[in-house]
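**Q**
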Amino acid sequence: MDIFLYNSLSKQKEGFMPIKSDSVCMYVCGPTVYDEPHIGNARPVIVFDLLFRLLRHKYGSDKVKYIRNITDVDDKINKIASQKYPDLDINEAIREVTNKIEIIFKDTSIKLGCLEPSREPRATEHITEMIEIIEGLLKNNSAYVSEDHVIFNINSYSNYGYLSNKSKEDLLAGARIEVATYKRNPLDFVLWKPSALNEPSWDSPWGKGRPGWHIECSAMSAKYLGDVFDIHGGGVDLAFPHHENEIAQSCCYNNNDKMANYFIHNGTLNIEGKKMSKSTGNIILLSDTLQKYHGSVIRLNMLRTHYRQPIDWTERSLEQAENIMRKWLLAIETINKDIYEEVPKEVYESLLDDMNTPKAITHMHEYFNKQEYSKLCASLDFLGIDLKTFNHHIKKDHKMPEISENEIEVLIEERNLARENKDYKKSDEIRNKLEIMGIRLKDMENGTAWERIK
RNA sequence: GGCCACGUGGCCGAACGGUUAGGCGCGGGUCUGCAAAACCCUUUAAUCCGGUUCGACUCCGGACGUGGCCUCCA
17 MDIFLYNSLS KQKEGFMPIK SDSVCMYVCG PTVYDEPHIG NARPVIVFDL LFRLLRHKYG
77 SDKVKYIRNI TDVDDKINKI ASQKYPDLDI NEAIREVTNK IEIIFKDTSI KLGCLEPSRE
137 PRATEHITEM IEIIEGLLKN NSAYVSEDHV IFNINSYSNY GYLSNKSKED LLAGARIEVA
197 TYKRNPLDFV LWKPSALNEP SWDSPWGKGR PGWHIECSAM SAKYLGDVFD IHGGGVDLAF
257 PHHENEIAQS CCYNNNDKMA NYFIHNGTLN IEGKKMSKST GNIILLSDTL QKYHGSVIRL
317 NMLRTHYRQP IDWTERSLEQ AENIMRKWLL AIETINKDIY EEVPKEVYES LLDDMNTPKA
377 ITHMHEYFNK QEYSKLCASL DFLGIDLKTF NHHIKKDHKM PEISENEIEV LIEERNLARE
437 NKDYKKSDEI RNKLEIMGIR LKDMENGTAW ERIK
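What follows is the structure, encoded as structure tokens:
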């Protein structure tokens, strides 16, 4: 059975055929490490982790190469670095910022149940490769030097705009771009730019400077995956200009008509019905959400929406996801989780069909209803939804009440004594008292259990 | 203004040219001293206007709405 994926190049679902029949190469645009990861960053991380898992299942875990870059050269980074560490040398300050954010990002990815990519190359470690491509583009007349900048000449690539379905004419017509004096054409973009003293810089044939945004992906994807590879992924907002420019650069440099065979884009994310936006403060940091919800809940909530659909990220949907998780967890506790179980057919086939996770989750509800808990468990495992640590998360909650466990136990005993004496007024008082403190009692056949409520 | 995606029941969210999606929530019930949990039952749909068709939520056109990209935010 083939994997079917929606290819942004052809604008349709296609059966996936890798270049080499027995292995797969995938490149995904990773984070610019200048600020703490937010919920919007989580979507591509989770979506492409799922694709990685799916490909590994089909082709073998050692047959899939997944490269996710780390963009650690960017003017936003410079700004933050000089603000945060005004006393440090700019390069050291930048390293402080990027190292710190990179660690948080990786730690967060793990909490979201994501496997580590095969490699996470940093842009600053590939300046040489970028310069090499830029030199080649100059030789080709695909680029020109102007006012110490190296600029890509858009007219040297006839297919420009194909991926994002834009014509050069339309782009020019709608251009609100302030035309920089060093650009011959407003759509031309920067490959290399000069650096001021307070900006990071590397030596180059064009003087001390730094790379433009797009060139790093062309350089790193070629280095680790080859001139043409199977899958290039990222958020749909990257299709233009980022991926479009990458394609133009890579194809002109290699004299190819393609960079990757499949471009896969995940949809955008809104928060409580409104556009996510840093400037208006409509943004949710993953660290905040992770304090309230386990990573598995975030992951399940993300996968309840098909990856190409826009998601409206709401507190309510998160609560729903958590309800489902709790329900499933209780069921699964009754079975032996250590018995290895292959991913059930219905779930696997749903995922093969352009990663239809909502459909897969529907099947999981069916398993639950039919009490086929081992199938449910295997499905969760395949989706990377980790029940074991979710389990711990619930138990951890129980250990951190504002009143001590001892005090709770004492009150429970007191209440049970009252119940035996049919003093229900007193027993209800105790129940209410605990409820106010966030402790809910459950009278089971073999005693009274309690749990923290939110 | 240009290009694109989407608009399903209280909420989330699929499939499909003709048959009940599913989940969450609400309501009712069983259980319980009362609750909670669990289980059972129940509820409802397709933004609007045309067209194609024996038949459209599903295909086509238009309107309206939401969102994305065109401004180095995934």
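Following the numbering used here, the residues of the first sequence are numbered contiguously, the last one being 470.
Think of the CB as a built atom: it goes at the ideal place given N, C-alpha and C, for glycine as much as any other residue.
Every value quoted in this text rests on a predicted model; they were computed, and no experiment measured them.
Return yes when the Cβ of G225 is within less than 7 angstroms of the Cβ of W208, no when it is not.
**A** Cβ distance < 7 angstroms, so W208 and G225 count as in contact.
**Q** Can you tell which of K386, Y240, R59 and G249 has its C-alpha closest to the C-alpha of Y22?
**A** The shortest Cα separation from Y22 among K386, Y240, R59 and G249 belongs to G249.
**Q** Is L187 near C45, with beta carbons less than 7 angstroms apart?
**A** No, Cβ-Cβ distance for L187 and C45 is not below 7 angstroms.
**Q** From what residue to what residue does the alpha helix (DSSP H) around D65 run?
**A** I55 to Y75
**Q** Our contact map puts P60 next to N282 with C-beta atoms below 8 angstroms; I'd like the distance itself, whole angstroms only.
**A** 5 angstroms
**Q** Which residue from L396, S395 and I280 puts its Cα closest to that of S26?
**A** I280
**Q** What are the boundary residues of the alpha helix (DSSP H) that N115 is part of?
**A** I106 to K127
**Q** At which residues does the beta strand (DSSP E) containing G249 begin and terminate?
**A** F245 to G251
**Q** With which residues is G228 paired in a DSSP beta bridge?
**A** In DSSP, G228 forms no bridge with anything.
**Q** Since I170 and Y176 should fall inside the 8 angstroms C-beta cutoff, what is the C-beta to C-beta distance between them, to a whole number of angstroms?
**A** Between Y176 and I170 the Cβ distance is about 5 angstroms, and since that is below 8 angstroms, they are a contact.
**Q** Along the chain, where does the alpha helix (DSSP H) that runs through L427 open and close?
**A** Here the alpha helix (DSSP H) through L427 covers E421 to E436.
**Q** Would you decide whether K412 is buried or exposed? Buried here means 16 or more other CB atoms lie within 10 Å of its CB.
**A** With a pLDDT of only 45 at K412, under the threshold of 50, the placement of this residue in the model should not be trusted, and no figure is reported.
**Q** Ignoring anything shorter than 4 residues or poking outside the region 298 to 360, list the alpha helix (DSSP H) runs there in chain order.
**A** 302 to 308, 311 to 319 and 331 to 348
**Q** Starting from S162, follow its DSSP beta bridges and name the residues at the other end.
**A** H165
**Q** Compare the C-alpha of S3 against each of K391, G251 and E331 and name the closest.
**A** The structure shown does not extend to residue 3, since the chain is modelled only from 17 to 470, so the question has no answer here.
**Q** With a threshold of 16 other CB atoms inside 10 Å of the CB of S158, please say whether the residue is buried or exposed.
**A** buried
**Q** Alpha carbon to alpha carbon, how far is I452 from A434?
**A** 20 angstroms
**Q** How should Q265 be labelled, buried or exposed, when 16 other C-beta atoms within 10 angstroms of its C-beta is the threshold for buried?
**A** Taking all protein chains shown into account, Q265 has 16 or more neighbouring C-beta atoms within 10 Å of its C-beta and is therefore buried.
**Q** Would you call H381 buried or exposed, if buried means 16 or more other Cβ atoms sit within 10 Å of its Cβ?
**A** exposed
**Q** Below 7 angstroms CB to CB, which residues in the same chain sit around K127 once its five sequence neighbours on both sides are set aside?
**A** L306 and G311
**Q** Look at the alpha carbon of I62 and the alpha carbon of R320, and state the distance between them as a whole number of angstroms.
**A** 12 angstroms
**Q** L334 to A139, Cα distance in whole Å?
**A** 35 angstroms
**Q** Just checking, does the region 64 to 72 make contact with the region 109 to 124 on the three C-beta pairs under 8 angstroms criterion?
**A** Under the Cβ criterion (8 angstroms, minimum of three pairs), the region 64 to 72 does not count as touching the region 109 to 124.
**Q** For the alpha helix (DSSP H) holding E148, just list the boundary residues, first then last.
**A** I143 to K155
**Q** Do E338 and K239 have their C-beta atoms within less than 7 angstroms of each other?
**A** no
**Q** In terms of residue numbering, what span does the beta strand (DSSP E) encompassing N23 cover?
**A** Run containing N23: F20 to N23, per the beta strand (DSSP E) assignment.
**Q** Taking 8 angstroms as the threshold, find out whether the region 47 to 57 comes into contact with the region 86 to 95 through three or more Cβ pairs.
**A** yes
**Q** Helix, strand or coil for T405, going by three-state DSSP, please let me know.
**A** helix
**Q** Who are M236's beta bridge partners in DSSP?
**A** Partner(s): none; M236 has no beta bridge.
**Q** In angstroms with no decimal places, state the Cα-to-Cα distance between W329 and I314.
**A** 10 angstroms
**Q** From D439, L450 and S443, pick the residue whose C-alpha is nearest to that of E11; which is it?
**A** Because the chain is modelled from 17 through 470, residue 11 falls outside the range shown and cannot be assessed.
**Q** Applying the 10 Å Cβ sphere with the 16-neighbour rule, what's the burial state of V89?
**A** Buried is the call here.
**Q** For E288 and E331, I'd like the C-alpha separation in whole angstroms.
**A** Approximately 8 angstroms, taken between the alpha carbons.
**Q** Quickly, what does DSSP pair H258 with across the bridge? List them, please.
**A** H258 pairs with nothing; no bridge assigned.
**Q** With DSSP as the reference, please indicate the residues paired to C41 in a beta bridge.
**A** K81
**Q** Give the DSSP-derived three-state secondary structure of L131 in the structure shown.
**A** coil
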